[in-house]
Amino acid sequence: MRRADEDQRLDVVATVNGRERRFSVLPRLSLADTLREELGLYGVRTGCEHGVCGACTILVDELPVRSCLMLGVQANGKTIRTVESLAEGSSLHPLQEAFRRHHALQCGFCTAGILATSQALLAENPCPTREEVREVLSGNICRCTGYQTIVDAIMDYAENGQAGVAGGERGPAE
Amino acid sequence: MSKSEVAQIRPKSIGTSIPRREDPGLLTGRARYIADIVLPDMLHIAILRSPVAHGRIRHIDTAAARAMPGVELVWTGQDSKARCQGIASTLEQKGFVATIQPLLAHDEICFVGEGIAVVVAHSRAQAEDALARIEADIEELPVVTDAAAAIDTDDLANAAVPANMVYRSNRVTDPVEEAFASAAISVEGCFHTPRVNASPMETRGFVARHEWTTGTLTCWSATQMPSFIKTMIAIFLQFPEHNLEVITPAVGGGFGQKAHLHPEELLTCLLSIELGRPVSWIEDRQENLFRAPQAKQQINDMALAVDDQGRFLALRDRVITDSGAYNSLPWTPLVEGHAGILVVTDPYRIAALSAESLSVTTNKCPIGAYRGVGFSAPTLAREVLIDRAARQLGLSPFEIRRRNVIRQEDFPYQTRAGMMIREGTFLETVDRLEAMVGYEDFRKRQQEAFREGRLLGLGVSIFSEVSGIGTRALNFLDFPLTSHDTATVRVEPTGKVTVTTGIVTSGQGHPTTLAQIAADAFGVPMEDVTILAGSTHHAVGFGTVASRSAVFGAGTIGRAAEIVRGRMRAVAARLLQAAPDDIEMTGGMVHVRDDPGRTMPFAAVAGAAYFAEATHPDDFDPALEATAAFDPSDIVLANGGHAVIVEIDMETCLARVEKMYAVEDCGRMINPMIVEGQIRGGMAQGVGMILLEELVHDERGQLITSTFQDYLLPTSLDIPDIEISHLETPSPLVPGGIKGMGESAMISTPAAVAGAVNDALACLGVAIEQFPASPQRIFEALSKVGVMDRGNNFPV
Ligand code: FES
Ligand code: FES
């Protein structure tokens, strides 16, 4: 077992959003702060840092994880996906499109975590019921939306996938 | 021309549910919030917070902290006091007691969580390490935690507030004794609403960068009130205002909590000035629960006199606001009970009102604004009493309201507090809500459930909302403030439109809805409009508070556009050989009224104004840019109603919301999808306040709910799907007929949830008047009537 002093940075190798990244972090730094501060992935949000709000949820080896409750050094050898990986080029992922179409976000602070939870849910259960979606979402707090439209968006994506109507900014008659 | 002038806007984009332009950035992690602001050389703040609720600082030893690695500076209250006395907060009201809240306590500490020292270091972690090395010697003083008891005690919560009374008023004192004596029934109760925290998912934060070489101070603030913050920094720190800029990044929810001047904001500015480096303060959740403005804690001792036909005769209310230790700025504790009692009768004809309001100082965090402010608590008390009266008289909750709401034939109707109500859909709301609920069926279902040992309850709340709050409304609510906003619009040479506004969003969708307004103001497609917001260099405004942004957005953009349109009409009139008054703008074209053949592109007119002097009329002012102010000429009143069905589990005493309904009339909707999002989000917060959320202080003033493990927010399992129906009564005082609605659900849903809990328990003779209606409170109430002892056997 390796031992480290508290002010000694440790080397980490991880696959982050499809790319191998090498970085070094202090052992005290949470994975959330590591991704933000060391890798510039500011889409990772922290709302409580004690594992309740879910804003910091990311995918670690494709499973949803509280990045505020994991250390940066624990990323070693792991595959990590954050919200930044979802859109391709400048087009939103169909799940993101569904969120936009259904107005499943307001301030957007909970959104990255909710997208991560949804991705994990849909990977395991591509055709969930509304109740199942609500159950799985219950670990992600949103203070703005009242949740219903988030459930709508996930259901729409699950049922229609890519076939959903693209949600551009359109005038009424255009 | 008057600031209240109502410009012409023809709704086209307005009224449609256009997806939001801000979503792509928010959905992809690209949007930048305050914690994402990183500047070269930036330092980090951590604040030592008082562990005692009331005390006197004897000595603070910071030597060990100063020696810690990475620490650049440590200040105590003495250091901050030398540069700024603190936040003075008063109102021009007779008898109102001003307070000065120090940036860091330097002598008397008045609540747990008050800052007593600050460390600036290279990282937040290092700053926190240093906090642990600060030794504070504090002499404890008697603690005042109970607002009702604080009125009669000799102990003072804050030495600056005599008798713990910030303000006491009885503006409306109709004699009501006779009405109560002659009433067929009178219903009364003493309602306690919980102290809550708005708990936006993003905590508060502030970054300051002082550049001594230019004398400029640039601030990034997660605020709802950037212009206000800027002026306050200038005043409290004596900083030249023209060298100040407040920038608002993406804000992760505000709900009123971010509509205050926080001591930490001034402190961060001072530290940046002192150190000559950018300084960042990002609080954690615990600090937010301890120190961010708290809200809603009132005691309403209310009675309603009703005749045998169910008609309301008189209402009496004595409200105590648990104000906390200092007056918040700008709202002061008047934002709670005092504002609340001035609108308490509003949806109903009530001929006599006797209302007294007391704002009482306690050793708690200052009370401030949270969505729905002081309107929620009195609305709750009133609506629960109305349900109770209906039960006693054998009337349905809808019928008793039908007999009392202000009707079309009553307009204009002046309330006893003095508000003139000119339009609204109170009766239609009651009817619509009743149909949505399916009232008869619900009662059958309720009886069946009862036979199966389940308790169902229905709560109803009818509300009106003072929206689009400007000077008139503020003054009516006893805030003697002047408030107007400005916007600047510019038509670019190629016919695109740039709007600068002081309105900032914390999620409510202004980048989209303001673009809808501006597009319709010029008759151009929405994609030709850009909205610049988020810097105080752009425009002035009071901020996004009090359901005012849609109203002020339409008013300011409408008026500024009117000026520019006039100039464009003058040019177009020459080009199309028509009278300027006959020139119209729609669909990106400019044409002559009733003559569709004579037309030219909007962009061509703009181009002519910029580049073709030959087309200019005499004395033409070619500036296609104008700034205008707006402030509505009177109160803009929105209205609606909510109904909530709860089920209470007899074994766990847990109340669960089964279904919720909303009827909303915010005049003409700009974007119905966004309006519905506001309603759903507000209703969820209403459920939180009545069933889950409570900041609990023990008798020593310790906050014992300082994490999300103790302070419970609603999850996706607590909020059911919500059915919404719209009515639209346009306001004549606002372009497009728009009214505000951002707070509506938090004004009225708490009442409906509380009513539903009481309806469920009424068959057992149990009433709940203290909230949240937690399982423990319901258990205790049921135990009192012996229900729990009978092994869950109903007394059927
Ligand atoms: S920040 Fe990780 S769960 Fe709240
Ligand atoms: S959208 Fe604001 S917290 Fe969910």
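Chains A and B, in that order, are what the protein sequence lines are.
Under the working numbering, the first residue of the first sequence carries the number 17, and numbering increases by one thereafter.
Under the working numbering, the first residue of the second sequence carries the number 854, and numbering increases by one thereafter.
No residue lacks a Cβ here, since even glycine has one placed at the ideal position from N, Cα and C.
Can you tell me whether residue 1004 of chain B is helix, strand or coil according to DSSP? Coil at residue 1004 of chain B, not helix or strand.
What runs of the alpha helix (DSSP H), each 4 residues or longer, lie entirely inside the segment 1443–1525 of chain B? Complete alpha helix (DSSP H) runs here, min 4: 1455–1464.
Within-8 Å CB hit, residue 91 of chain A to chain B: It does not: the Cβ of residue 91 of chain A has no partner Cβ on chain B nearer than 8 Å.
Locate the beta strand (DSSP E) running through residue 129 of chain A, then write down its first and last residues. For residue 129 of chain A, there is no enclosing beta strand (DSSP E); the residue is found in the alpha helix (DSSP H) stretching over 127–140.
Just to confirm my understanding: we take residue 860 of chain B, look at its own chain, exclude 5 residues before and 5 after, and list those with CB closer than 6 Å. What are they? Once the five neighbours on either side are set aside, the close Cβ partners of residue 860 of chain B are 1411, 1412, 1415, 1588.
With a floor of 4 residues, list each alpha helix (DSSP H) that falls wholly inside the segment 76–126 of chain A, ordered by position along the chain. Counting only runs of 4+ residues, the alpha helix (DSSP H) found wholly inside the segment 76–126 of chain A occupies 110–117, in chain order.
Could you check whether residue 63 of chain A and residue 1536 of chain B sit closer than 8 Å to each other, using their CB atoms as the reference points? No; because the gap between Cβ atoms is not below 8 Å, this pair is not in contact.
Which chain B residues are close to residue 68 of chain A, counting only those with a beta carbon under 7 Å from its beta carbon? Those within 7 Å of residue 68 of chain A in chain B are 1561, 1562.
Could you round the C-beta distance between residue 1044 of chain B and residue 1155 of chain B to whole angstroms and report it? I think they count as a contact, below 8 Å. That pair is a contact at about 7 Å.
With 8 Å set as the bound, which would you pick, yes or no: does the beta-carbon of residue 1574 of chain B sit closer than that to a beta-carbon of chain A? Under the Cβ distance rule, residue 1574 of chain B counts among the residues neighbouring chain A, one pair being separated by less than 8 Å.
I'd like to confirm the pairing. Which residues does DSSP put opposite residue 35 of chain A in its beta bridges? Bridge pairing for residue 35 of chain A: A/32 [DSSP].
Run down chain A in chain order and give the residues with a C-beta less than 7 Å from the C-beta of residue 978 of chain B. Simply 44.
Quick check: the Cα distance between residue 1319 of chain B and residue 1404 of chain B, rounded to an integer number of angstroms? For residue 1319 of chain B and residue 1404 of chain B, the gap between their C-alpha atoms comes out near 12 Å.
Can you give the Cα-Cα distance for residue 1283 of chain B and residue 155 of chain A, rounded to whole angstroms? Distance between the alpha carbons of residue 1283 of chain B and residue 155 of chain A is about 36 Å.
Assigned exposure category for residue 189 of chain A - 16 Cβ within 10 Å defines buried: In this prediction, residue 189 of chain A scores a pLDDT of 35, lower than 50, which makes its location untrustworthy; no coordinate-derived value is stated.
Report back the beta-carbon spacing between residue 1491 of chain B and residue 1594 of chain B to the nearest angstrom; my notes put them in contact at under 8 Å. Rounded, the Cβ-Cβ distance is 5 Å, consistent with contact.
For residue 1353 of chain B, list the residues DSSP reports as bridge partners. Answer by DSSP bridge pairing, in chain order: B/1341, B/1385.
Give a yes or no on whether 8 Å exceeds the smallest Cβ distance from residue 169 of chain A to chain B. No, residue 169 of chain A does not count as interfacial toward chain B.
Using a Cβ-Cβ cut-off of less than 7 Å, give me the residues of the segment 1541–1571 of chain B that come near chain A, in sequence order. Close to chain A, meaning a Cβ-Cβ distance shorter than 7 Å, are the following residues of the segment 1541–1571 of chain B: 1560, 1561, 1562, 1566, 1568, 1569, 1570.
Comparing the CB of residue 68 of chain A with every heavy atom of ligand 1, is any distance shorter than 7 Å? For residue 68 of chain A, the distance from the CB to the nearest heavy atom of ligand 1 is below 7 Å.
Can we say the segment 1514–1527 of chain B touches the segment 1352–1360 of chain B, given the rule of at least three CB pairs closer than 8 Å? Contact between the segment 1514–1527 of chain B and the segment 1352–1360 of chain B is not established, with fewer than three Cβ pairs separated by less than 8 Å.
If you reduce the DSSP assignment to three classes, tell me which class residue 1640 of chain B lands in. In the three-state reduction of the DSSP assignment, residue 1640 of chain B falls in the coil class.
Roughly how many whole angstroms lie between the Cα atoms of residue 853 of chain B and residue 961 of chain B? It is not possible to answer for residue 853 of chain B, since the shown part of chain B is limited to 854 through 1649.
Check: residue 132 of chain A C-beta below 7 Å from any heavy atom of ligand 1: The answer is no for residue 132 of chain A.
Can you give the beta carbon distance from residue 1321 of chain B to residue 1196 of chain B, rounded, assuming they're within the 8 Å contact cut? Going by Cβ atoms, the distance from residue 1321 of chain B to residue 1196 of chain B rounds to 14 Å, so no, they are not a contact pair.
Can you list the residues of chain B that residue 39 of chain A reaches, using a CB-CB cut of under 8 Å? Those do not exist, as residue 39 of chain A stays about 16 Å from chain B at its closest Cβ, beyond 8 Å.
Note down the Cα distance separating residue 1375 of chain B from residue 1347 of chain B, rounded to an integer number of angstroms. Residue 1375 of chain B and residue 1347 of chain B: Cα-Cα distance of roughly 14 Å.
Let me check you understand the geometry: is the CB of residue 126 of chain A closer than 7 Å to at least one non-hydrogen atom of ligand 3? With respect to small molecules bound, the structure shown includes ligand 1 and ligand 2 and not ligand 3.
When every heavy atom of ligand 2 is checked, does at least one fall within less than 7 Å of the C-beta of residue 121 of chain A? Distances taken from the Cβ of residue 121 of chain A to the heavy atoms of ligand 2 include one shorter than 7 Å.
Taking residue 881 of chain B as the query, report the chain A residues whose CB atoms sit under 8 Å from its CB, ordered along the chain. For residue 881 of chain B, the chain A residues whose C-beta falls within less than 8 Å of its own C-beta are 59, 99, 100, 102, 103, 108, 112, listed in chain order.
So, residue 1188 of chain B versus residue 1213 of chain B, is the Cβ gap smaller than 8 Å? It is not a contact, given that the beta carbons lie outside the stated cut-off.
With H, G and I counted as helix, E and B as strand and the rest as coil, what does DSSP make of residue 876 of chain B? Helix, per DSSP.
Which class does residue 1038 of chain B belong to by DSSP, given the choice of helix, strand or coil? Shown here, residue 1038 of chain B sits in a strand according to DSSP, grouped into three states.
Could you spell out where the beta strand (DSSP E) holding residue 1211 of chain B opens and where it closes? Per DSSP, the continuous beta strand (DSSP E) segment holding residue 1211 of chain B begins and ends at 1205–1214.
Rank A/165, A/171, A/159 by C-alpha distance to the C-alpha of residue 70 of chain A and give the top, closest one. When only C-alpha atoms are compared, the closest one is A/159.
Would you mind telling me which residues of chain B sit closer than 9 Å to residue 153 of chain A, beta carbon to beta carbon, in chain order? Per Cβ cutoff of 9 Å: 1568, 1569, 1570.
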